[in-house]
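As structure tokens, the structure follows; a few thoughts come after it.
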Amino acid sequence: MKFGKNNMRRIMIFGTFDLFHQGHQNFLKQTRAYGDYLIVVIARDQTVLEIKKRKSLNNENKRLKNVLKSGLADKVILGSLDNKYQAIQEFRPDIICLGYDQKNFIDKLEAELEKIGLNKTKIIRLKAFKPEIFKASKLRLKLKI
Numbered sequence: 001m002k003f004g005k006n007n008m009r010r011i012m013i014f015g016t017f018d019l020f021h022q023g024h025q026n027f028l029k030q031t032r033a034y035g036d037y038l039i040v041v042i043a044r045d046q047t048v049l050e051i052k053k054r055k056s057l058n059n060e061n062k063r064l065k066n067v068l069k070s071g072l073a074d075k076v077i078l079g080s081l082d083n084k085y086q087a088i089q090e091f092r093p094d095i096i097c098l099g100y101d102q103k104n105f106i107d108k109l110e111a112e113l114e115k116i117g118l119n120k121t122k123i124i125r126l127k128a129f130k131p132e133i134f135k136a137s138k139l140r141l142k143l144k145i
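If you count the sequence shown from 1, position 21 lands on 21 in full-length UniProt numbering, and the numbers rise without skipping.
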């Protein structure tokens with residue numbers, strides 16, 4: 001798919017998307033409001049383990065399939081193990097949306113965007129959707145897993 005100056009606005013989001021739930025669906029729907037073509041980058045199993053100090057309940061391929069099945073994303077890919085910003089370099093999004101609680105790799109995001117010539121890419125922090133209910137860590141406790 002080609003993207004030009006007058007074509008579709010590409011939006012990108014990142015996440016684990018374990019126990020795909022209504023909060024994730026809301027995150028995808030909020031993101032869609034900002035553009036035309038939604039690219040979702042799924043955190044790799046190894047990255048999840050490094051960041052959260054535990055394995056995800058579903059492996060990276062299952063999580064990718066769950067997001068695809070939602071029908072809310074145009075493209076769903078696995079993140080890179082070597083370069084956390086590789087998908088940004090490859091797809092050059094117009095907008096990057098962040099979840100209300102996303103913290104990892106964000107501290108260097110603006111500098112990375114500038115370094116690769118994407119200083120016009122907007123970063124938007126989205127609103128939470130019932131975080132007291134729809135948060136994977138809370139669902140894990142509720143399900144005792």
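Every residue, glycine too, gets a C-beta built ideally from N, C-alpha and C.
- prompt: Does the distance from the CB of Leu-57 to the CB of Ile-42 come in under 9 Å?
  reply: Within the sequence shown, residue 57 is the residue found at index 57, counting from 1. Within the sequence shown, residue 42 is the residue found at index 42, counting from 1. For Leu-57 and Ile-42, no; Cβs fall outside 9 Å.
field: Any 3 or more C-beta pairs closer than 8 Å across the stretch 81-99 and the stretch 19-38
entry: yes
- prompt: Under a three-way DSSP split, which group does Arg-10 fall into?
  reply: By 1-based counting over the sequence shown, the position of residue 10 is 10. Strand.
- prompt: Which term fits Arg-10, buried or exposed, when burial requires 16 or more other beta carbons within 10 angstroms of its beta carbon?
  reply: Against the sequence shown, residue 10 aligns to sequence position 10. Answer is buried; the Cβ neighbour count reaches 16.
- request: Can you have a look at Gly-71 and say buried or exposed, based on whether 16 or more other CB atoms are within 10 angstroms of its CB?
  value: As a working mapping, residue 71 is identified with position 71 in the sequence shown. Exposed, since its Cβ has fewer than 16 Cβ neighbours within 10 Å.
- prompt: Do you know how far the Cα of Val-67 is from the Cα of Ile-106?
  reply: The count along the sequence shown starts at 1 and reaches residue 106 at position 106. The count along the sequence shown starts at 1 and reaches residue 67 at position 67. Their backbone Cα atoms lie some 22 Å apart in a straight line.
message: Can you tell me whether Arg-125 is helix, strand or coil according to DSSP?
response: Within the sequence shown, numbered from 1, the residue matching residue 125 stands at position 125. Arg-125: strand per DSSP, three-state reduction.
Rounded C-alpha distance that separates Gln-102 from Lys-69: One-based indexing of the sequence shown puts residue 102 at position 102. One-based indexing of the sequence shown puts residue 69 at position 69. If I take the Cα positions, the gap works out to 23 Å.
field: Whole-number beta carbon distance between Gly-99 and Leu-126, since they are thought to touch under 8 Å
entry: Here residue 126 is taken as the residue at index 126 of the sequence shown, counted from 1. Here residue 99 is taken as the residue at index 99 of the sequence shown, counted from 1. Right, their Cβ atoms sit about 6 Å apart.
field: Spatial neighbours of Asn-61 in its chain, beta-carbon cut-off 7 Å, leaving aside the 5 residues before and after
entry: As a position in the sequence shown, residue 61 is number 61, starting the count at 1. If we look at Asn-61 and ignore the five residues flanking it on each side, it has no Cβ neighbours.
- request: Would you list the one or two residues that DSSP bridges to Gly-35?
  value: Your numbering for residue 35 matches position 35 in the sequence shown. Gly-35 is not bridged to any residue.
message: If I follow the unbroken alpha helix (DSSP H) through Lys-69, where does it start and stop?
response: Here residue 69 refers to the residue found at position 69 when the sequence shown is read from its first residue. Element bounds for Lys-69: 60-70.
- request: Round the Cβ separation of Leu-38 and Asp-74 to the nearest angstrom and send it over; I've been treating them as touching at under 8 Å.
  value: The sequence position of residue 38 within the sequence shown is 38, counting from 1. The sequence position of residue 74 within the sequence shown is 74, counting from 1. Leu-38 to Asp-74, Cβ: 5 Å. Contact.
- prompt: Does the beta-carbon of Leu-113 have 16 or more other beta-carbons within 10 angstroms, so that it is buried, or is it exposed?
  reply: By one-based count along the sequence shown, residue 113 stands at place 113. By the 10 Å Cβ count, Leu-113 comes out buried.
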